[in-house]
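**Student:** My structure is below; once you've seen it, I'll send some questions.
Residue numbers (my numbering): 1 to 178.
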């Protein structure tokens, strides 16, 4: 009888401890400011609904490098991304991609000045940056697949050893969970 009573008390203590711990976690979650959530970017933009306000980009200017950055902050330390517009999606060979967005993946040795040089080369605004992979996203004033391919070819033709890859941007569409 004593043994079963001891086991019952232990089980109750474990349950009470678990409930108290769960309540503590819930309270911590409510108190935490939003800024503690890491700023991790998806390498692909997410299309916004057509009713969302869309940014209007002005052509880049070499006079003020800050104008090359959509967020206005030159050489940001934290990543950022401006969602691409749904109306900029095109289809070629059954693949959806944005007709006016180019991703350039740089090596770790590259700096934001390298990204600014590419922006000036292709007449782009820097609309995204992922510091972990050193990926920059550029919005260019193109409306056709041929213009997009020409801009990509122009960057690739540099043969810059700090550039690991140049890509058109395929929208991120999460797979449904069964």
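Cβ atoms here follow ideal geometry from the backbone N, Cα and C, with glycine treated the same way.
For residue 139, tell me which candidate among 131, 108, 133 and 118 has the shortest Cα-Cα distance.
**Tutor:** With distances taken between Cα atoms, residue 139 lies closest to 118.
**Student:** Thinking residue 170 and residue 96 are a contact (beta carbons under 8 angstroms), I'd like their distance in whole angstroms, please.
**Tutor:** Their Cβ separation, rounded to whole angstroms, is 6 angstroms, which keeps residue 170 and residue 96 in contact under 8 angstroms.
**Student:** Please state whether DSSP places residue 89 in a helix, a strand or coil.
**Tutor:** Of the three classes helix, strand and coil, the one that applies to residue 89 here is strand, per DSSP.
**Student:** What does DSSP give as the partner residues of residue 126 in its beta bridges?
**Tutor:** Its beta-bridge partners are 69 and 138.
**Student:** In chain order, what residues of the same chain lie with their CB nearer than 7 angstroms to the CB of residue 82, ignoring the 5 residues before and after it?
**Tutor:** For residue 82, where only same-chain residues beyond five positions count, the Cβ hits under 7 angstroms are 55, 70, 127 and 128.
**Student:** Looking at C-alpha atoms only, which residue of 7, 168, 155 and 162 is the closest neighbour of residue 111?
**Tutor:** The shortest Cα separation from residue 111 among 7, 168, 155 and 162 belongs to 162.
**Student:** Between residue 109 and the rest of its own chain, which residues show a CB-CB distance below 7 angstroms, the 5 nearest in sequence each way excluded?
**Tutor:** Here the set comprises 162.
**Student:** Going by the DSSP bridge assignment, what does residue 169 pair with across the sheet?
**Tutor:** Bridge partners of residue 169: 98.
**Student:** State the start and end residues of the unbroken alpha helix (DSSP H) segment that holds residue 153.
**Tutor:** Segment 145-157, the alpha helix (DSSP H) holding residue 153.
**Student:** Indicate the three-state DSSP secondary structure (helix, strand or coil) for residue 114 in the structure shown.
**Tutor:** Residue 114: helix per DSSP, three-state reduction.
**Student:** Mind checking who residue 103 pairs with in its DSSP beta bridge?
**Tutor:** Answer is 137 and 167, bridged to residue 103.
**Student:** Decide if residue 116 is buried, meaning its Cβ has at least 16 other Cβ atoms within 10 Å, or exposed.
**Tutor:** Buried, by the Cβ-count rule.
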